[in-house]
Amino acid sequence: MKANYFLLAASLNGFLAVALGAFGAHGLKARLSEHYLSVWQTAVQYQFYHALALGLIALFLQRAVANSWLNASGYLMLVGIVFFSGSLYWLTLGGPRWLGPVTPIGGVCFLIGWILLAIGALRQ
Numbered sequence: 759m760k761a762n763y764f765l766l767a768a769s770l771n772g773f774l775a776v777a778l779g780a781f782g783a784h785g786l787k788a789r790l791s792e793h794y795l796s797v798w799q800t801a802v803q804y805q806f807y808h809a810l811a812l813g814l815i816a817l818f819l820q821r822a823v824a825n826s827w828l829n830a831s832g833y834l835m836l837v838g839i840v841f842f843s844g845s846l847y848w849l850t851l852g853g854p855r856w857l858g859p860v861t862p863i864g865g866v867c868f869l870i871g872w873i874l875l876a877i878g879a880l881r882q
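Residue numbers (my numbering): 759 to 882.
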């Protein structure tokens, strides 16, 4: 995958994390309990952390000839954002409870993505 794709994904996810964080702090503060505001904040934080990781992957890919470990890491980070943060956003806004088990799948994608990033960095 081209580094530009992951850089684009990083920038869009960074933008969304800031926008959704502001929305949670200002637009949802009066509408959600402290518990659900905390869940929202967790989703924002993990999305932002992994947006930064996608930027790091893009930088590594700009220096690498080809590195399938880094590509796989980036894809897993993206899937993790959708499953982990996305399911938490949706649950917080009243989405169906069957989404609850999706959240840990996103967490596992994050974990595997970080391990693949380490392997990819070592194989540079």
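Don't be surprised by glycine CBs; every beta carbon is placed ideally from N, CA and C.
Please read all numbers here as calculations on a predicted model, not as lab measurements.
- Leu-795: member of the alpha helix (DSSP H) spanning 792-821, first to last residue.
- Listed in chain order, the alpha helix (DSSP H) runs fully inside the stretch 819-872 are 826-838, 844-850, counting runs of at least 4 residues.
- Residue environment for Ala-767: buried (at least 16 other C-beta atoms within 10 angstroms of its C-beta).
- Three or more beta-carbon pairs separated by less than 8 Å are not found between the stretch 783-798 and the stretch 858-876, which leaves the two stretches without contact.
- Pairing Gly-785 with Ile-877, the inter-Cα distance amounts to about 41 Å.
- If you look at Phe-781, you'll find it isn't in any alpha helix (DSSP H); DSSP assigns it neither H nor E.
- The straight-line gap separating the alpha-carbon atoms of His-808 and Leu-770 is approximately 11 Å.
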